[in-house]
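Read in order, the letters of the sequence shown correspond to residues 1 to 997 in the UniProt record's numbering.
For each residue, glycine too, the CB sits at the ideal point set by N, CA and C.
Given the structure is predicted, the values throughout are model-derived calculations rather than measurements.
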Amino acid sequence: MSNAAGPSRVDRPWETPADLPQAPPPGTSRDEAGRQTQQHLQSFLDKLNSREWSPATTKTAIRRYVQSVINSLDLPDNLDATIKPWYDSVDDYERRLNLATNEGGRRSNTLQSNNGHRDTSPGGHDEDARSISGRERRRRNRDDQSDEEDDEDELRSPKKVKQDVSKFGWAADSAIKRANLSPRHREVISLVENYSADVDSSIEHLESSGTNPYLPRKQWKFVLRDQYVELSEVLAAVTSYHSGDVQRGNGSALSDALEGTTLAKPAASKPVLDQVNWRRAWRAVYNAILFAFPNRRKELDRYEDHIQKLFDGHVESNHSNILRYDRAVRAIIGSRRDLLYDDYTHEDCSHCFTMYVTTTGANPKRFVENSTAGTAVDVTGNMFATIAKNPDMVPTLAQTNKVEKTTEPGASFFSTSRFWKSAVSCLYGAVVEDKKGADVTEVEKSSGERMSFLLRFMRGLGFRWDSKLVYSKTAWYTEMDKPLPRPPAEEYEGVAWRTIQENPNLFETHTPISPDRLGSLLNNHPNPSFVESVLTTLREGLWPWANTRPSKSFPETWDNAWAPLPSLKERDFIDSQCEVEVEAKRHSPAFGPELFPGMYSTPVFAVPKPHTDTFRLVVHQSAGEYCQNNMVDRDETRGARMDNLLVFIPLLLAFARAHPSEKLVIWKSDVSSAFRLVPVHPLWQIRQVVTAGMPTKEELGKDMWDRSRLRRHVDWSACFGNRGSPRAWASVMGLVIWIAIFILHILLLCCYVDDCFSVALARDLDYYEPYSTWMPREQVALLRLWDFLGIPHKAAKQLWGSPLAIIGFFVDPNALTATLPPDSKSDLVLHVREFAASRRRSLTEWQQLAGWMNWSFNVFPLLRPALSNVYAKIGGKTKASALIYVNKAVRNELVWFADHVETLSGVLFFASIDWNPFCEADIVIFCDACLEGMGFWVPSNNTGFMAVTDPSSPMAGVFSIEKLLRCSPLSNGLRKLFLHWTGLQKIHGDSLSTPTI
1 MSNAAGPSRV DRPWETPADL PQAPPPGTSR DEAGRQTQQH LQSFLDKLNS
51 REWSPATTKT AIRRYVQSVI NSLDLPDNLD ATIKPWYDSV DDYERRLNLA
101 TNEGGRRSNT LQSNNGHRDT SPGGHDEDAR SISGRERRRR NRDDQSDEED
151 DEDELRSPKK VKQDVSKFGW AADSAIKRAN LSPRHREVIS LVENYSADVD
201 SSIEHLESSG TNPYLPRKQW KFVLRDQYVE LSEVLAAVTS YHSGDVQRGN
251 GSALSDALEG TTLAKPAASK PVLDQVNWRR AWRAVYNAIL FAFPNRRKEL
301 DRYEDHIQKL FDGHVESNHS NILRYDRAVR AIIGSRRDLL YDDYTHEDCS
351 HCFTMYVTTT GANPKRFVEN STAGTAVDVT GNMFATIAKN PDMVPTLAQT
401 NKVEKTTEPG ASFFSTSRFW KSAVSCLYGA VVEDKKGADV TEVEKSSGER
451 MSFLLRFMRG LGFRWDSKLV YSKTAWYTEM DKPLPRPPAE EYEGVAWRTI
501 QENPNLFETH TPISPDRLGS LLNNHPNPSF VESVLTTLRE GLWPWANTRP
551 SKSFPETWDN AWAPLPSLKE RDFIDSQCEV EVEAKRHSPA FGPELFPGMY
601 STPVFAVPKP HTDTFRLVVH QSAGEYCQNN MVDRDETRGA RMDNLLVFIP
651 LLLAFARAHP SEKLVIWKSD VSSAFRLVPV HPLWQIRQVV TAGMPTKEEL
701 GKDMWDRSRL RRHVDWSACF GNRGSPRAWA SVMGLVIWIA IFILHILLLC
751 CYVDDCFSVA LARDLDYYEP YSTWMPREQV ALLRLWDFLG IPHKAAKQLW
801 GSPLAIIGFF VDPNALTATL PPDSKSDLVL HVREFAASRR RSLTEWQQLA
851 GWMNWSFNVF PLLRPALSNV YAKIGGKTKA SALIYVNKAV RNELVWFADH
901 VETLSGVLFF ASIDWNPFCE ADIVIFCDAC LEGMGFWVPS NNTGFMAVTD
951 PSSPMAGVFS IEKLLRCSPL SNGLRKLFLH WTGLQKIHGD SLSTPTI
């Protein structure tokens, strides 16, 4: 064989390529970048094959180009893993080249040896081409051609050392196992071995058949090899297929080489979270398996029936365990040749059944399994006491409950909600079961919701024994809210920004809360963009949804602090409080007396605290035409994100039902300086300057005050008078409550501004070292969380007992009552009567009255109509200082409200305030009345009573008789006579007016 003309490959002078293709520019889509990269890398291999580049040059080009792609697109730096498949291709080519060179040299030496030993025997002669017959020449040409083909085969497929499978350690057991397999098993193994001999060719053949069901090519490989199939990827593919968004892979060797690298697009997946999605994904796999293995229908049907019965036989909150059981069983079956799908009773599979299904609810008070991550977390351990000593443990703790991150707010909300429902059901019983096994109404069946049988104006205020449970609204909103805003770009171009740059000592962002520690516990939060915005706010300061120039009339600098104080006592308090704020790093050092350009200053007041001789510092950011609150967006900051009794009482009822013979306690923990823990951005700090050293009214009247006494302080923190502060604090505290619920599993925790409260067993206590006292275990866990995050609190505000004041009401978890304290009740009545006696009040005062009365409806739900005319009067009005007349209709309703509050006990029994009379009544009574008499009948024991009325009685009217009749079955005398007349009573009558009253 002769070499081709020109210099040989090994002698050709190689040079580094002068220039490489440009990497995809930043912003290029992942698919387009992957396509361009594959094309350029393939062109490098083509140059290697055409002998333009050497292996070393090709490797250099691959490394430099891939590195430029990573840098351009800001991809994870995993260069070695990315280029390895391409380096392997170059190495394989170089190996073949060396093998061919060595073989060519061997053949050349053999040829020269044969040419040097020609036949010189007597009578012989040199054998040349001319003396060879045509037949012999053709024979030799065939032999040479055959040798070349054999050599090429040797180059293409280097000979491997043949293994002796009989020496494998498992060979004997495997032979015995296969000999005992059923014909069904052997048939499946035979088909799998046939498909696996060339699985790519098998897939091409089935796809060209035109009869195959749809399944991604990657999943077809698993099906033909009878291996585990990931249902989440199948569900995503099936969903996209039916929506027309399916993208088929080209299945080329190049895409296979990129598989698993950072340049390869990962397979799409859609979590299988419920029974419906499981069946949809499973049926796609079912059809594919049946297509490749036609005789497996009964086996697949038996497995599907097994899983469906598990779904149907368990409450929905436990379906996540069944999904994990299904994944585990299919993984075991897919890794074994001796198991088919109907072998789920095999000992290895039955072990999974024990792990995931039969242990649902086992020992729930110590371990609760997170359905979003499948991680069992010890909720009784002192985790944060350990973490405080070893902060390096924080990432490990944060990783215990990972869920898939998304960029859409609330995208994983149903995962967290499902976990919470599952955990509550596990700990406190299946709260959605029907009482006494009774059926619900047809309306309830069709709607899926429990009906309320209260009067129309009480709807939403009643509590059922099976009331729908929800976790803390404060935590829930963090899963749905949009990210907190940052200052707009134009704010960095005005006078205020120049003042900040020229006086850096007056502007600082500080908070005791650690953003890093808070973020480390939120890796599994379903709204990561919101989480990141809150962490940024804690680091850089809050921008309170403001437009600092809502109109052209707003000045750049405004001094509105002029508010003379009543006495020296108030001034001394304000001056001393400003010093305290400076020491706490919430105020800047003093400056003045004049403001710098871009600054806003508003009035500051010392307001007496109720029932004390001390004051509270109040910054009035709603004073004046150009006040700060006129800059804050009302729509973005409105809406309460707090948990009231309507949220807490159903949770308390569920807990009480789970522990019927236990003594219960309420616990409450309070955060110190709540709003002040949130720093504000310097561009907002400059607009909330606090002024100290203000004159008293007496000093001003006697001209005894000098303006040079004014001292200014830049307020660095969110204040109670700003409209955006409640929303900002709810965002920060909401994340803390979310951690407490979903990481520490304090499942029934609620939050009202800075008060966190829940219910616990009186005997379930833990020792809190900083306060040297015993407290409810979950309360101690919450305080340790606050200590870890840097949230301050005081011992005097950490309370527990029964009853305990929650949101102004004394809640008794054992008697199941909420009571309005007597002093609060008298204060409310006095204020309402004073308001009703006045002639005009500002819109702010009307709103305050409505808020106070609304608060009282927690225990006086029947008095809600008292606000009808109040709402009608203030509806559509927005000017806070506008005076509104108190008309006769409003006055009559307010007096009616005050009279009833004075006479009512202020105790709400919420154990059974709303129930279904169609299926939950213990006693059913029929009654009727007329002018001559009245009577009622109890069908359950065939007992009736009647009475003749006296026409001369002042209660001789039908309406009065009806009222008396309705009260008769409830009398103590009849209750003593018929002891079984206890519980819920349903009374039938023909008058709607009586029960309404």
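Under DSSP, the beta strand (DSSP E) around I925 begins and ends at which residues?
As a first step, residue 925 is located in the sequence shown; it is residue number 925 there, counting from the start. Unbroken beta strand (DSSP E) run through I925: 923 to 929.
Exposed or buried, which one is A489 when buried takes at least 16 other CB atoms within 10 Å?
The residue you call residue 489 lines up with position 489 of the sequence shown. Exposed: under 16 other Cβ atoms inside 10 Å.
Under a Cβ-count criterion, where at least 16 other Cβ atoms within 10 Å of its own Cβ denotes burial, should S708 be classed as buried or exposed?
As a working mapping, residue 708 is identified with position 708 in the sequence shown. Exposed.
State buried or exposed for Y871, treating a residue as buried only when at least 16 other CB atoms are found within 10 Å of its CB.
Looking up residue 871 in the sequence shown gives position 871. Y871 is exposed by the Cβ-count criterion.
In angstroms, rounded to a whole number, what distance separates the CA positions of R283 and T474?
By one-based count along the sequence shown, residue 283 stands at place 283. By one-based count along the sequence shown, residue 474 stands at place 474. Roughly 40 angstroms between the two C-alpha positions.
Report all residues from its chain with a CB closer than 8 angstroms to the CB of L340; omit the five preceding and five following residues, and keep chain order.
Taking the first residue of the sequence shown as 1, we reach residue 340 at position 340. Same-chain partners within the cutoff: R184, H185, V188, R296, E299, I333.
Taking only the alpha-carbon atoms, compute the straight-line gap between L568 and T696 and give it to the nearest angstrom.
For the purposes of this step, residue 568 is taken as the residue at position 568 of the sequence shown. For the purposes of this step, residue 696 is taken as the residue at position 696 of the sequence shown. The alpha-carbon atoms of L568 and T696 are separated by roughly 7 angstroms.
What three-state label does DSSP hand K59 in the structure shown?
Position 59 of the sequence shown, counted from the first residue, corresponds to residue 59. Of the three classes helix, strand and coil, the one that applies to K59 here is helix, per DSSP.
Using the rule of at least 16 other Cβ atoms within 10 Å of the residue's Cβ for burial, across every protein chain shown, is G693 buried or exposed?
One-based indexing of the sequence shown puts residue 693 at position 693. G693 comes out buried.
Closest to W896 by C-alpha separation, out of V832, A762, Y214, would be which residue?
Indexing the sequence shown from 1 puts residue 896 at position 896. The option with the nearest alpha carbon to W896 is V832.
Checking the sheet assignment: what are the DSSP bridge partners for T557?
The residue you call residue 557 lines up with position 557 of the sequence shown. In DSSP, T557 forms no bridge with anything.
Across the region 718 to 728 and the region 542 to 561, are there enough close Cβ pairs to call them in contact, namely three or more that are closer than 8 angstroms?
In short, these stretches touch, since the Cβ pair count reaches three.
Starting from the C-beta of P24, find all residues in its chain whose C-beta is less than 8 angstroms away, skip the five residues before and the five after it, and write them out in chain order.
For the purposes of this step, residue 24 is taken as residue 24 along the sequence shown, with counting starting at 1. Hits under 8 angstroms: E32, A33, Q36, T37, V69, S72, L73.
Classify T844: buried if its beta carbon has 16 or more other beta carbons within 10 angstroms, exposed otherwise.
Counted from its first residue, the sequence shown places residue 844 at position 844. Exposed, by the Cβ-count rule.
Whole angstroms is fine: what's the gap from L863's alpha carbon to T614's?
Numbered from 1 along the sequence shown, position 863 holds the residue referred to as residue 863. Numbered from 1 along the sequence shown, position 614 holds the residue referred to as residue 614. Straight-line Cα distance between these residues: approximately 35 angstroms.
Residues in the same chain with beta-carbon distance under 8 angstroms from H525, minus the five sequence neighbours each way, listed in chain order, please.
Position 525 of the sequence shown, counted from the start, is the residue given in the question as residue 525. Result list for H525: T478, E479, V531, L735, W738, in chain order.
Note down the Cα distance separating A563 from P603, rounded to an integer number of angstroms.
Counted from its first residue, the sequence shown places residue 563 at position 563. Counted from its first residue, the sequence shown places residue 603 at position 603. Using only the alpha carbons, I get a separation of about 6 angstroms.
Can you look up M775 in the DSSP assignment and give me helix, strand or coil?
Here residue 775 refers to the residue found at position 775 of the sequence shown. Here M775 sits in strand by DSSP.
Which residue or residues does DSSP assign as beta-bridge partners of W667?
For the purposes of this step, residue 667 is taken as residue 667 along the sequence shown, with counting starting at 1. Looking at the DSSP assignment, W667 forms a beta bridge with S758, W800.
Tell me which residues share the same chain as H510 and place their Cβ nearer than 7 angstroms to its Cβ, disregarding the 5 neighbours each side in the sequence.
Looking up residue 510 in the sequence shown gives position 510. Answer for H510: K585, P679, W716, listed in chain order.
Using a Cβ-Cβ cutoff of less than 8 angstroms, which residues in the same chain neighbour G249 once the five nearest sequence positions on both sides are dropped?
In the sequence shown, counting from the first residue as 1, residue 249 sits at position 249. Here the model assigns G249 a pLDDT of 45, short of 50, so the residue's position is not dependable, and the following value carries that caveat. Cβ neighbours of G249 beyond the five flanking positions: P216, R217, K218, S255.
Pick helix, strand or coil for C719, following the three-state DSSP scheme.
Start at 1 with the first residue of the sequence shown, and residue 719 comes out as number 719. DSSP places C719 in coil when its eight states are reduced to three.
Give the single residue among F742, D343, M733 whose Cα lies nearest to the Cα of P792.
Taking the first residue of the sequence shown as 1, we reach residue 792 at position 792. Cα-wise, what sits closest to P792 is M733.
Report the residue from L646, A837, K663, L849 whose alpha carbon sits nearest the alpha carbon of W800.
In the sequence shown, residue 800 corresponds to position 800, counting from 1. Of the candidates L646, A837, K663, L849, the one whose C-alpha sits nearest the C-alpha of W800 is K663.
Do S601 and L506 count as a contact pair if the criterion is CB distance below 7 angstroms?
For the purposes of this step, residue 506 is identified with residue 506 of the sequence shown, where counting begins at 1. For the purposes of this step, residue 601 is identified with residue 601 of the sequence shown, where counting begins at 1. Not a contact, by the Cβ cut-off of 7 angstroms.
Alpha carbon to alpha carbon, how far is C756 from P512? Give it in angstroms, no decimals.
As a working mapping, residue 512 is identified with position 512 in the sequence shown. As a working mapping, residue 756 is identified with position 756 in the sequence shown. The straight-line gap from Cα to Cα measures roughly 19 angstroms.
Whole angstroms are fine: how far does the CA of V753 sit from the CA of F857?
Within the sequence shown, residue 857 is the residue found at index 857, counting from 1. Within the sequence shown, residue 753 is the residue found at index 753, counting from 1. When rounded, the distance between both Cα atoms is 19 angstroms.
Under 8 angstroms, with one C-beta from each stretch per pair, do the region 803 to 823 and the region 775 to 790 reach the 3-pair mark?
These segments do not touch.
Out of I923, D922, N887, G989, state which residue places its alpha-carbon closest to the alpha-carbon of G935.
The count along the sequence shown starts at 1 and reaches residue 935 at position 935. Out of I923, D922, N887, G989, G989 has the C-alpha closest to the C-alpha of G935.
Alpha carbon to alpha carbon, how far is V234 from R330?
What you label residue 234 is simply residue 234 of the sequence shown in a count that begins at 1. What you label residue 330 is simply residue 330 of the sequence shown in a count that begins at 1. Rounded to whole angstroms, V234 to R330 spans 14 angstroms at the Cα level.
The beta strand (DSSP E) that contains D823, what's its start and end?
Locating residue 823 in the sequence shown gives position 823, counting from the first residue. Counting along the chain, D823 falls outside any beta strand (DSSP E), though it belongs to the alpha helix (DSSP H) covering 822 to 837.
In the DSSP output, what is S842 paired with across the bridge?
In the sequence shown, counting from the first residue as 1, residue 842 sits at position 842. Answer by DSSP bridge pairing, in chain order: L883.
Alpha carbon to alpha carbon, how far is S335 from E347? Give it in angstroms, no decimals.
The residue labelled residue 347 in the question sits at position 347 within the sequence shown. The residue labelled residue 335 in the question sits at position 335 within the sequence shown. Cα to Cα, E347 sits roughly 15 angstroms from S335.
Buried or exposed: which applies to F384, given that a residue is buried once 16 or more other Cβ atoms fall within 10 Å of its Cβ?
Sequence index remark: in the sequence shown, residue 384 carries index 384 (1-based). The predicted position of F384 is uncertain, since its pLDDT is 39 and thus under 50; no value can be drawn from it.
Based on Cα-Cα distance, which residue from T943, V90, R30 lies nearest to S43?
Counting from 1 along the sequence shown, the entry for residue 43 is found at position 43. The shortest Cα separation from S43 among T943, V90, R30 belongs to V90.
Considering just the uninterrupted stretch of the alpha helix (DSSP H) at residue 1060, what are its terminal residues?
Residue 1060 lies beyond the residue range present for the chain, which begins at 1 and ends at 997; the question has no answer from this structure.
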